[in-house]
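So the sequence shown is numbered by the numbering used here: it starts at -14 and just counts up by one.
Accompanying notes for the structure given below.
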Amino acid sequence: MKNLLDKVILITGASSGIGEASAKLLAAHGATVVLGARRVDKLSQIVADIQNAGGVAEALALDVTQRAQLQAFADHALNRHGRIDAIINNAGVMPLSPLAALRVDEWDWMIDVNIRGVLHGIAAVLPAMRQQGFGHVVNIASIGAHAVSPTAAVYCATKYAVWAISEGLRQESSDIRVTTISPGVTESELAETITDAAGREEMKEFRKVAISASAIARAIHFAISQPADVDTSEIIMRPTASPY
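If you want it as structure tokens, here you go:
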């Protein structure tokens, strides 16, 4: 069913995982998807896959830590398509380590991508959404926004910030919908950013029970496809077999 026909949806971190799965699913339901990520070669293949399946997609190189790039990303979509129906702030990194390891550069990286990247996405689309009188901001948080675990203190803090920012935006908005999606362990490349050896081994064990990225994509599709007067504010998803 083409129930998202002609909706213009921006997706950050779209080169793999949840971003890629969401792009393909939303395009299959009729949305025009504008994809952003640093890995342009992977984006190009995803766009080709969508187009070969009859969907509409385009891609731009994007580093969400750079506000000007995200503004250009949003401006491109607005100039080309005349509106922005939704943005999925999905880009994220997870270089876990104990605080005592003092990987301050990695803390800064998580803050820049996971928090500033979301804020940059909101700043890029909010004026246009307010002017057009509608829009939907979907922010990808994590189960880590709701429970802290060893080696994940900073990561969890960034994802709690995503939840808090989303809730604040929701309360401030009467015509813009805001959804926070908090996935539990999900198949993705996120764990590949872990450089701490102990943290990497712990995460391998932790991630043995996981759900597919397509499961999160279906939740995103559900939220976006609701009627305009319905705001699905928050969805928490986790593997059935997971205690976390």
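A virtual CB, placed ideally from N, CA and C, is assigned to each residue, including glycine.
- Here Arg23 carries a coil assignment [DSSP, helix/strand/coil].
- It is roughly 29 Å from the alpha-carbon of Ala(-1) to the alpha-carbon of Pro228.
- According to the DSSP assignment, Thr143 belongs to the alpha helix (DSSP H) that extends over Ala138 to Glu157.
- Ile150 is positioned such that its CB atom lies no closer than 8 Å to that of Leu111.
- Its chain contains Ala44 as the residues whose beta carbon lies nearer than 7 Å to that of Ser29, once the 5 sequence neighbours on both sides are disregarded; these appear in chain order.
- Closest option to His66, judged by alpha-carbon separation, among Ser127, Val(-7) and Ser167: Val(-7).
- CA-to-CA, the gap between Lys27 and Gly21 works out to about 10 Å.
- DSSP links Asn(-12) through a beta bridge to no other residue.
- Annotation for Arg162: the continuous beta strand (DSSP E) segment containing it runs Arg162 to Pro168.
- With a contact defined as Cβ atoms closer than 8 Å, Asn74 and Gly106 qualify at about 4 Å.
- Rounded to the nearest whole angstrom, the CA to CA distance from Val78 to Arg24 is 14 Å.
- Assigned with DSSP and collapsed to three states, Ile125 falls in strand.
- With contacts defined as CB atoms closer than 8 Å, Phe119 and Asp60 fail to qualify as a contacting pair.
- In the structure shown, the three-state DSSP call for Leu84 is helix.
- In this structure, DSSP gives Glu43 an extended state, which the three-state scheme calls strand.
- Within the same chain, Cβ atoms closer than 6 Å to the Cβ of Asn124 are found at Asn74, Val103, Val147, Ser151 and Thr165, the five residues on either side in sequence being excluded.
- The C-beta of Asp90 has fewer than 16 other C-beta atoms within 10 Å across all chains shown, which makes the residue exposed.
- When secondary structure is reduced to three states using DSSP, Ile107 falls in the helix class.
- Glu91 carries a helical assignment under DSSP once its states are collapsed to helix, strand and coil.
- Within the model, the alpha-carbon separation for Arg68 versus Leu84 is close to 43 Å.
- Here the C-alpha atom of Cys141 lies approximately 34 Å from the C-alpha atom of Gln116.
- In the displayed model, Ile3 falls within a helix according to three-state DSSP.
- The distance from the Cβ of Ala198 to that of Ala6 is about 4 Å, consistent with a contact at the 8 Å cut-off.
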